[in-house]
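If you read the sequence shown in our numbering, its first letter stands for residue 13, the second for the next number, and so on. Structure, as C-alpha cells:
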Amino acid sequence: MTPPSVRTGHHPADAPWVRTRLRTAPGTAWALALLVLVTSFLAALFPRAVEHQGIEGLHHDITTADPGRSVLELSSPQPSLQMPPAEREAAVRGAALKTVHDKARGALPAEVRPGATDSAYGFRTSRPAPAPERWLARPEGIDPQLNYASVSDLPGHATLRSGSWPAARGPVTENTGEVEGVVSEETAKALGAVPGATVSVPTRAGEHLTVRITGIVAPREPRSTYWSAEPMFRTPALLPEPGANPRGLNPPHYCWYATVLLPPDAAPALLGSTGEPEMFWRFAPDASGLTAADVPGLRSALASLENGPGLVRLRAVAGDNAAFRTDLDQILAGYDTLRAAIEPVVTVAAVGAGTVAAVVLLMTAGLIGGRRREELALLRARGGSLAGLGGRLLAETAVVAVPAAVLGLLAALPFFGSARPWPSVVGPVAVAVLICVAVPVGTVLPHRRPRLPGTRDDLMHARPSRLRTVAELTVLVLAVGAVAGLRRRGTTGGGDLLLSAAPVLVGLIAALVLVRLLPWPLRLASRAVARRRGAVGFLSLTRAGRSSAGGVLPLLALLLALTTAAFGGSVLAGIADARDRAAVLTVGADARISGLLDAAPLPARLLREIRAADGVQQVAEVQVVSGVPLPPGADGTGSMKNTVVLGVDPDTYAKLARTADLGVFPAGRLRAPGTKDKAGSTVVPVIASPSVAAELGDGPRDLTTPAGDLRVRVAGTLPRTAAVPDHEFLIVDTAALTRQWTTTLLVAGDPDPKVLRATARQAGKDISVRLRAEERATFVDTPMQRGAGGIYAAAVVAGAGYALLAVLLSLLRTAPERTALLARLRTMGLTSRQGRRLLVLESLPHALPAALGGLLVGWATIVLLASGVDLAGLALFNGPGTTVPDAAPLRPDPWSLTLPALGVVALTVGAAAAQAWWAGRRGSITELRSGDPR
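Encoded structure:
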C-alpha cells in the first residue's frame, strides 16, 4: 500500500526536539526544574534577608536609643534686647514658635522627617535658679535648682492628677508678676509641691516673678521624646550643688534639680529672668521608612545641619544664632560599626553555601551528560555537529530552567517585604545562566573526539593534564593571596569578596590535593588486600579505584560544607567566649561582694557566712585602698598620679586568679616580709600594672597609704587583676599593711544568688553583690545580631543540604553500575550481607578522606584566618560596661569540626547500605539481560 505521504506529496513533519525530549524523560526535567527552583529561591531570599535584618537593626538602634541622643533639637537664644519689647514677646509666644517649628521640620532630612505627634517646642531657661521657698525639700540644706519651660501641647501628652491646667490670665509680658505652672508627679513627690504653692523666680531687674503651681500632671508616655529628651521635665535629679567639684578633697553637697512647666503663652514672662532663656524645637526622628541604603545620605544630611548648608537654612528660619544638636549621627556610626563586623562573617557563609550549590548544579549537569553519552555519541557518528547538539541541549535546558528560576524569584519576593526587589534578581539569573551553560557545554565537550568503547577514566591510572595543573596552580595563587590579605588587613575593610572567599579557596585546594593523593593509599591498600582471602575487600577497593578521576566535585562540595559549618560554629563559640571573658573582667570572679564604693569595711560575720554558703569553693579577701598618690620622681617632681593599692593574701588571691584565668602570678613573689635595704628598712615586694611599674622604677620607693606607710619594690607586672580589672593597681601582701580591713570578697564557685544577696542585706544596706552570670546575661543580641546568626545558620543548613545532595548525585551516577554488579555477583554466591559490606567498603575510600580532609581544612582555615578576624565588634557591641577583652580572636571549635565530619561518614555509609538493601529487594532480570554493557 502506498503511504499517505507519497500519495499527497507531503513529507512527514519532524517532531520538535524539545517537546520530544521532555516527553521522553519527564522525571529528569521535573527534577532539574525543582533543583533550579529551590536554588533560585534561596539565591533570591539571601539578599532580602540580609537587607531586612540590617533595616530591623537600624530601626532598633534608633527607637531604643535614649531620646536625648536620637532627638533632633534646634535652639536659639532669646530675641535681641535691641528689639521692641512687643516684638520680643511675640517672638516667644506659642504661635510664633509653631510657625518656626513647621518651617524647620520641612528642612530636616526626608529619611527621618518626624510627625507632629511627639515633637515639642517652647521657651525655657537654660540655667537653673535657686528656689528659696521653705516648703521645698532640701536633703542637705541646699536650695533646689529649678528651670522653667513653656512647652507646647502639654494637655495632649499628660494627664492631670490634681489641681487644674495652667493658663495665661490675660496678656503676659516681660513685666508680668505672676504666671501659672504645673509639675510632674515625681517632681511633686520629691520637692513636696502641692497645687496652690508658689515659687519665686529672680529677674534681671532685681525683682521676682511668682510661679503658682496649679496642678500635678502625669506623663502619658514617660519614655517618649516629649518627656525623655529632657528628663527633668518628668523626673527630678539629685545632683551636686552648682560650683561643686566632685573630685575635690571634700565631698560635694547635693540638691534637687527640677523643671516647672508653663503654658505656651506665658513664655514672655521668662524674658526678664536670670536663667538665660532660649527657644527650642525638638523633633523625634521617624525611622519607619529608613533603610540601610539611606544611612550614608542621612549622615551627610545631619552633618550639614550641624555645621553646613543645612544649618544656614535653619538659621534663616529660627534666627542667626540658632544651633542644631543631635547624637543620631553617633547612633548611625555605631550601626555602621556593627554592620561592618557582621557583613564579612555572613559573606563567608553565603560564599560557602553558594559555592556548594554551584557545585551541585555542575554535578547535576554532569549526571545529565553522563546519562546521554551513548545518545550523543550516536548523533555525532551520524554527522551531528557540536554546535547543533549544544544548541538543542541549551534549548531544552532553558525551557525547564528559566521558568523555574522565575518561579523561585517570585516565591522569594513575598518574604521580607521591607527589602528592595532588584538585588534579589541577581541570584536567580546566575543560577539559570549557570545551569543553561553547564548542561550543553559539559555534555558536548567530551564528544569533541571519538572515544573507544570500554575506555575508562580510572582514578588510579589517570594522569593530570597540563591544563589541569595550570588551573590548580592558579587557584592556589588566589587562595594564598586571599589568606595573606585577610591576615594582613583583617575584616575591618569589609566588602572584599576575595577575602570572604578565602575559606572556599582553601577548601578547593584541599579537594584538588586530596584527589591527587587519593590513588596512592588506594594502590597500597589494594596490594595488601589482594594477598588476603575473601573477595569483598579486594572488590571494594578495586571498585573505588575505578571511579572517575573527575570526582573532585563531590569531594569539593563536602569539604566546603564542612569548612563553612566549622567556620560558623567557631564564630559562635568565639562570640560566647568573648562575652564570658568580658563578664569575668567586669566582676573579677564568679561573684563579687563589696562595701560602699569598694571602700567601706565588710563585717567579719559576713566573711564567715559567705565562706560557709553552699556552692562557694574559694573566697579571696581584698583590701581596696583607692586614691593612693605615687611617689615623686628621682628629680623631686611629683607624678600627680594616683593608683589603687590592693591588700591580699598571696596564696588565696593567686589561686583565685588561676581559677578565673585573670592576672595569674606565683604566690611566692608577693609574700612579705621582703628584703632589707641599706638603711635597714624592710622592702615589700609588690606586683603592679605596667604604667605603675614604670612610675616606680626598679629601686625601692616609699608609699603613703591610709593603710600604712610602705617601702616597696616592683617584683612583677600584670596587665590586669581580678580585684580591679579596669584600673591601675599595686598588689601587696596584707601582712605588710599596718591597718587591715576587708572591703571586697571575690568568690569562686556556683553559689545561690538569692542566698548571697540575703546574707549581704543582713550584714548592711550598702553592701553590693555582683554576679558573673548576671553580667553575662546582659549581653543580648540586637535584631541585627540575631538576624546575622539566623542567616548564617540557614546558610550552613543549606550548604549541608546541598552536600547531602552531592553525595546522593555521586551515588546516583554509579547506581545502575552498582546494581548490575550486585546482581551478577549474587549469581556467583554473594550474599546480601556481603553485598552491603561491598558497597559500604567501596564508599569508605571516598568518605573517610572527605571527612578527615574537611576536619583538617576547617581547622587550617580558622587558624590561618584567625589573626584577621576580630569578633569583638560582633560579640561586645551592646555590652553593659567598658571592661572588655582587648580582642576576641577566632579559634577552632572542636565540636563544630568533628560532628559534621562524622555526619559525612555516617551519611555516605547509610546511603550505600540503603542502595544495597534496595537492590536486594528488586529482581535481577533487567541487570542480567544479554548484551548489557554495564
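The C-beta atom is built at its ideal place from N, Cα and C for all residues, glycine as well.
Where do the ends of the alpha helix (DSSP H) carrying H265 lie? It is not in any alpha helix (DSSP H) - H265 carries neither H nor E in the DSSP assignment.
Between A161, P297 and H459, which has its C-alpha nearest P243's C-alpha? A161
Looking at V869 and A522, is the spacing between their C-beta atoms short of 8 Å? yes
Complete runs of the beta strand (DSSP E) confined to the segment 217-305 [at least 3 residues]: 220-231, 249-252, 266-274 and 289-295
According to DSSP, simplified to helix, strand and coil, what is S164? coil
Between N187 and L282, what straight-line distance do the alpha-carbon atoms span, to the nearest angstrom? 9 Å
Completely contained beta strand (DSSP E) runs for the segment 743-830, where each covers 3 or more residues: 756-761 and 780-783
Does the beta-carbon distance from T51 to A450 come in below 8 Å? no
Just the C-alpha distance for V634 and A735, rounded to the nearest angstrom, thanks. 7 Å
Looking at the unbroken beta strand (DSSP E) that takes in E633, where does it start and where does it end? V628 to P641
Just to confirm, is the Cβ distance from A279 to A116 under 8 Å? no
Does the pairing of the segment 421-430 with the segment 476-485 give three or more beta-carbon distances under 8 Å? no
Measuring alpha carbon to alpha carbon, tell me which residue in A632, I803 and P142 is nearest A760. A632
So the alpha helix (DSSP H) I154 belongs to, where does it begin and stop? Where I154 is concerned, there is no enclosing alpha helix (DSSP H), given that its DSSP letter is neither H nor E.
Residue-chain proximity (R713, chain B), Cβ-Cβ < 8 Å: The structure shown contains no chain B; it holds only a single protein chain.
Taking the CB atoms as reference points, tell me whether A377 and G439 lie closer together than 8 Å. no
Going by beta carbon distance, what residues of the same chain come within less than 6 Å of W929, once the five residues before and after it are set aside? none
Would you grab the beta carbon distance between L109 and Y133 for me? Rounded to a whole angstrom, and I think it's under 8 Å. 5 Å
V191 and L314 closer than 8 Å at C-beta: no
DSSP on E387, reduced to helix/strand/coil? helix
By DSSP, does T694 sit in helix, in strand, or in coil? strand
Under 8 Å between the Cβ atoms of S131 and F295? yes
If you scan the segment 329-393 from start to end, which runs of the beta strand (DSSP E) of 3 or more residues do you find wholly inside it? 335-337
Suppose you measure from the CA of G915 to the CA of A513; what does that come to, to the nearest Å? 24 Å
Sort R35, V525 and S606 by Cα distance to A775 and report the nearest one. S606
Using alpha carbons as the reference points, say which of A249, F245 and C267 lies closest to G255. C267
C-alpha distance - A431 paired with V418, whole-angstrom precision: 18 Å
Could you check if R848 is buried or exposed, using at least 16 other CB atoms within 10 Å of its CB as the buried criterion? buried
Among residues of its own chain, excluding the 5 on either side of V581, which ones have a beta-carbon nearer than 6 Å to its beta-carbon? A quick correction: the sequence has Gly, not Val, at residue 581. So the qualifying residues of the chain are D905 and S908.
Measuring straight from C-alpha to C-alpha, what distance separates A200 and I228? 7 Å
Could you round the C-beta distance between L658 and L757 to whole angstroms and report it? I think they count as a contact, below 8 Å. About 13 Å separates the two Cβ atoms, so there is no contact after all.
Top-ranked residue by Cα proximity to A299, from H858, D673, D73 and V698: D73
Just verifying my parser: in three-state terms, what is the DSSP assignment at V869? helix
In its own chain, which residues sit with a C-beta less than 6 Å from the C-beta of A491, not counting the 5 before and 5 after it? L517, V518 and I521
Residues bridged to T3 [DSSP beta-bridge criterion]: The chain is shown from 13 up to 946; residue 3 falls before or after that span and cannot be answered.
For G918, which option in L526, P901, A863 and S780 has the closest C-alpha, if you only look at C-alpha atoms? Looking at the sequence itself, residue 918 is Ala, so the reference to Gly does not match. The shortest Cα separation from A918 among L526, P901, A863 and S780 belongs to A863.
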